[in-house]
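Each remark here refers to the structure printed beneath this line.
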Amino acid sequence: SCQRLRVRCPSPPTPVPNSEIQGAIRELGSEDEVVRQAAAEKLLSLGADAVPALIQALENENVRVRLAAAAIVGEIGPDAADAVPALAQTLEDENAQVRLVAAEALGRMGPEAAETVPVLIWALDDESEEVRAQVALTLGKIGPEAGAAVPGLIQTLQDENEQVRTFCAIALGAIGPQS
220 SCQRLRVRCP SPPTPVPNSE IQGAIRELGS EDEVVRQAAA EKLLSLGADA
270 VPALIQALEN ENVRVRLAAA AIVGEIGPDA ADAVPALAQT LEDENAQVRL
320 VAAEALGRMG PEAAETVPVL IWALDDESEE VRAQVALTLG KIGPEAGAAV
370 PGLIQTLQDE NEQVRTFCAI ALGAIGPQS
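Sequence positions in the sequence shown follow the working numbering and run 220 to 398.
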């Protein structure tokens, strides 16, 4: 046993998402909005139990599935902290709306998303104004743990978009005195 040998026991493997969860994930890509909404509500009701499948769904080829997965993870909030690395990768998605929702979901994690600060700093240069604004807000929601973002936020105060500039100023205030 690991304990007897005084070594760190490996974490138990993540359970394979059951067919019900996988079915709901598939339904997130439906053409029918009612079906998509019911699937999203089902996954949301499962909370952290749905997170492993939602992490996989962030890489789905269907943009609707990726978008919904990021939104649901954000709604679950800090209980979905296992999804933080996958959300950080999603900030590189080809679809600006998916990037926006991923940034928003990271913001809902608050300080739990502190490990993503380097990626968020990079995302302050996103081509989408909405994404840049959300990234600034997310950095502010991470708070003092986002101190490394201060130089990037100061630079982004020069952004051509007023909302981006405003959210950068708000983020700087939320990060605190070191800003």
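We put the beta carbon where it would ideally sit given N, CA and C, even for glycine.
For residue i, three-class secondary structure by DSSP
{"i": "E175", "result": "Outside the displayed range of the chain (220 to 398) lies residue 175, so it cannot be described from this structure."}
{"i": "Q256", "result": "helix"}
{"i": "S249", "result": "coil"}
{"i": "V383", "result": "helix"}
{"i": "E311", "result": "coil"}
{"i": "S347", "result": "coil"}
{"i": "D378", "result": "coil"}
{"i": "S396", "result": "For the sequence presented, residue 396 should be read as Pro rather than Ser. If DSSP states are grouped into helix, strand and coil, P396 belongs with coil."}
Residues of its chain near residue i, where Cβ-Cβ distance is below 8 Å and the 5 sequence neighbours each way are ignored
{"i": "T309", "result": "L277, R285, A289, V317, R318, A321"}
Cβ-based burial, residue i [other Cβ within 10 Å; buried from 16]
{"i": "E379", "result": "exposed"}
{"i": "L376", "result": "exposed"}
{"i": "D312", "result": "buried"}
Contacting residues, own chain, Cβ-Cβ under 6 Å from residue i (five flanking each side not counted)
{"i": "A365", "result": "V336, L358, I394"}
{"i": "N314", "result": "V282"}
{"i": "R327", "result": "G293, G296"}
Element boundaries [alpha helix (DSSP H), containing residue i]
{"i": "E334", "result": "Here E334 belongs to no alpha helix (DSSP H), and DSSP marks it neither H nor E."}
{"i": "L372", "result": "369-375"}
{"i": "L273", "result": "270-276"}
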